[in-house]
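Numbering (the UniProt record's numbering), first residue to last: 1 to 385. We treat Cβ as the ideally placed atom computed from N, Cα and C, and that holds for glycine. Accompanying notes for the structure given below.
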Ligand SMILES: *Cc1c(COP(=O)(O)O)cnc(C)c1O
C-alpha cells in the first residue's frame with residue numbers, strides 16, 4: 001500500500017486532537033468540491049444528486065448547495081437535514097422504492113415531489129397524489145460481482161417495466177422516467193453503460209405504448225480508490241458517456257452519486273488507549289473501531305488505508321483493535337507496525353462514505369466528533385456532535 005501520498009498532507013493532527021479530543025473525523029470541504037466538480041466534468045449535462053445515505057452531514061449538504069448541487073433523499077431524517085440547510089426542495093428527489101404513505105406526505109410537505117417506485121403496490125400508493133407527483137420506475141440490473149448489489153433488493157425486472165408503465169398510465173400516474181442503481185463501488189463501468197443501453201430500449205418501447213418518458217436516472221455506484229491507485233473518473237465514465245449519447249435527445253439525465261462525493265473527504269483520527277504484548281503480537285487498543293467509524297469494514301466491506309504519521313522504529317507484528325469489549329472489534333491483524341506509544345495518533349484515510357453513517361455507540365463509546373476544514377460559506381470550522 002502506497003501511503004506516502006496520503007502522508008504528504010500537512011494537517012497537524014496532534015493539534016486537532018488537543019483542541020477537539022479523540023476520536024475525530026476531519027471533513028475537508030475542498031475535497032467534497034473537488035469530487036463533485038470532477039464527476040460533473042466526467043458526466044457533462046448530468047444533474048448530480050448527492051445521495052445523503054453514505055454521509056448525512058449538514059456541512060456536506062451546505063457545500064454542495066453552494067455549488068448549486070442537487071440531492072437524493074430516502075428518508076424523513078434526510079428530508080429534515082436538507083430542509084434545515086435551506087435546500088430548495090425542487091432540487092431534490094426521493095429515491096426510496098418502498099415508502100409509507102406518511103413518508104410520501106412528509107416529503108411532499110417539504111416540497112419534494114419526484115419519487116421512485118418499482119412495483120404495483122407502490123404505484124397504487126401514488127393514486128392519491130397523482131396530480132402533485134412525478135415518478136421514476138426503478139429497474140433492476142443484477143450485479144453479482146459487486147459486494148454491494150443494490151439490484152437484489154430493489155427494482156422491477158426489465159421484462160416487467162413496460163407492463164408497470166402501462167398500469168401506471170391506466171391509474172393516471174405521471175411516470176416521467178426510469179432509474180437504476182448498479183451497485184455501490186462498481187469498479188467496472190460496463191455495468192452502468194449496459195444499464196443505460198437497456199433503459200434506452202425500454203424508453204423507445206414505452207413510446208410505442210403511448211408512454212412518453214423524459215428522464216433517466218443512472219443512480220450511484222461511482223468508485224473511489226481505497227488502495228492508493230488513483231481512478232481516473234473521466235476515463236471511467238467514457239463508456240457511460242458513449243451510451244448516454246445514444247439516448248433520444250429530449251431525455252434529461254440524473255445521477256445519484258454518494259460514495260464518490262464524500263469518501264475521500266474524511267480522515268479518521270484515533271488514539272492508542274492501551275498496549276498489550278500477547279504472544280508474538282503487540283496489541284494496540286484504539287479509541288475508535290468497527291462499532292464506530294470503522295463500521296464500514298463490516299457493513300460496506302471496505303478496508304481503509306492507514307497511516308502512522310508520528311511513529312518510527314523497527315516494525316513489529318501487530319494488531320490494531322477497537323475499544324469495545326467485543327472480540328470482533330479488530331481493525332487490522334497481522335500487520336507490521338513501528339512501535340506506537342499510549343496516546344499516539346493513528347490515521348484512517350478515505351473514510352467519508354458508509355463509516356460514521358453506520359457507526360454505533362456500542363459499549364457507550366461515543367461516535368467520533370467531526371471537525372470541518374474548508375467548510376461551506378456560512379458554517380466554518382463547525383464541530384458537530
Ligand atoms: C445508496 C444509494 C445511492 C448512493 O450510492 P453510492 O454507491 O454511494 O454512489 C444512490 N441511490 C440510491 C437509491 C441508493 O440507495
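{"Query": "Quick check on residue 325: buried or exposed, where buried means 16 or more other Cβ atoms within 10 Å of its Cβ?", "Result": "exposed"}
{"Query": "Can you list, in chain order, the residues of its chain with a C-beta nearer than 7 Å to that of residue 157? Leave out the 5 residues immediately preceding and following it.", "Result": "140"}
{"Query": "Which of the three DSSP states is assigned to residue 333 in this structure?", "Result": "strand"}
{"Query": "Span of the alpha helix (DSSP H) holding residue 194?", "Result": "190 to 208"}
{"Query": "Does the beta-carbon of residue 95, which I'm using as the reference point, lie nearer than 6 Å to any heavy atom of ligand 1?", "Result": "yes"}
{"Query": "Looking at the structure shown, is residue 347 part of a helix, part of a strand, or coil, going by DSSP?", "Result": "strand"}
{"Query": "For ligand 1, I want to know if residue 51 counts as a neighbour, meaning its beta carbon is within less than 6 Å of at least one of the ligand's heavy atoms.", "Result": "yes"}
{"Query": "Rounded to whole angstroms, what is the Cα-Cα separation between residue 269 and residue 52?", "Result": "23 Å"}
{"Query": "I need the DSSP call for residue 328, collapsed to helix, strand or coil.", "Result": "coil"}
{"Query": "Looking at the unbroken alpha helix (DSSP H) that takes in residue 28, where does it start and where does it end?", "Result": "Looking at the DSSP string, residue 28 is not in any alpha helix (DSSP H); the run it does join, the beta strand (DSSP E), is 24 to 28."}
{"Query": "Across which residues does DSSP place residue 71 in a beta bridge pair?", "Result": "50, 92"}
{"Query": "Would DSSP call residue 375 helix, strand or coil?", "Result": "coil"}
{"Query": "Please state whether DSSP places residue 277 in a helix, a strand or coil.", "Result": "strand"}
{"Query": "Measuring CB atoms only, is the stretch 313 to 329 touching the stretch 363 to 376, in the sense that at least three cross pairs come out at less than 8 Å?", "Result": "yes"}
{"Query": "Would you please state the rounded distance, in angstroms, between the beta carbons of residue 353 and residue 54? I believe it to be under 8 Å.", "Result": "4 Å"}
{"Query": "DSSP state of residue 55, grouped into three classes?", "Result": "coil"}
{"Query": "Tell me, to the nearest whole angstrom, how far the beta carbon of residue 350 is from that of residue 305; I am working on the premise that it is less than 8 Å.", "Result": "6 Å"}
{"Query": "Decide if the stretch 123 to 138 is in contact with the stretch 78 to 89; the criterion is three or more beta carbon pairs, one per stretch, under 8 Å apart.", "Result": "no"}
{"Query": "Ligand 1 and residue 256: does the residue's C-beta get closer than 6 Å to at least one heavy atom of that ligand?", "Result": "yes"}
{"Query": "Run the CB neighbour count on residue 78, radius 10 Å, all protein chains shown included, and call it buried at 16 or more, exposed below.", "Result": "buried"}
{"Query": "Is residue 54 near ligand 1, with its Cβ less than 6 Å from a heavy atom?", "Result": "yes"}
{"Query": "Do you know how far the Cα of residue 373 is from the Cα of residue 245?", "Result": "38 Å"}
{"Query": "How far does the alpha helix (DSSP H) with residue 177 in it extend, from its first residue to its last?", "Result": "It is not in any alpha helix (DSSP H) - residue 177 instead sits in the beta strand (DSSP E) that spans 175 to 179."}
{"Query": "If I measure Cβ to Cβ from residue 130 and keep anything under 6 Å in the same chain, skipping five residues before and after, which residues do I get?", "Result": "172, 173"}
{"Query": "Ignoring anything shorter than 3 residues or poking outside the stretch 267 to 312, list the beta strand (DSSP E) runs there in chain order.", "Result": "281 to 286"}
{"Query": "To test your reading of the DSSP string, which unbroken beta strand (DSSP E) runs of 3 or more residues are found completely within the stretch 99 to 141?", "Result": "114 to 117, 134 to 138"}
{"Query": "Could you work out which residue in 210, 343, 344 is closest to residue 175 when comparing CA atoms only?", "Result": "210"}
{"Query": "Buried or exposed for residue 344, going by 16 or more other Cβ atoms inside 10 Å?", "Result": "buried"}
{"Query": "Can you find the residues in the same chain that come closer than 6 Å, C-beta to C-beta, to residue 213, ignoring five residues on each side of it along the sequence?", "Result": "177, 203, 206"}
{"Query": "Do you know how far the Cα of residue 267 is from the Cα of residue 12?", "Result": "12 Å"}
{"Query": "Is any heavy atom in ligand 1 found nearer than 6 Å to the beta carbon of residue 219?", "Result": "yes"}
{"Query": "Under 6 Å from any heavy atom of ligand 1, does the C-beta of residue 192 make it?", "Result": "no"}
{"Query": "Less than 8 Å between the CB atoms is what I'm expecting for residue 118 and residue 138, so what's the real figure, rounded?", "Result": "4 Å"}
{"Query": "With respect to the beta strand (DSSP E) encompassing residue 252, which residues constitute its N-terminal and C-terminal limits?", "Result": "252 to 255"}
{"Query": "Report the residue from 236, 294, 333, 179 whose alpha carbon sits nearest the alpha carbon of residue 255.", "Result": "179"}
{"Query": "Secondary structure at residue 314, three-state DSSP: helix, strand or coil?", "Result": "coil"}
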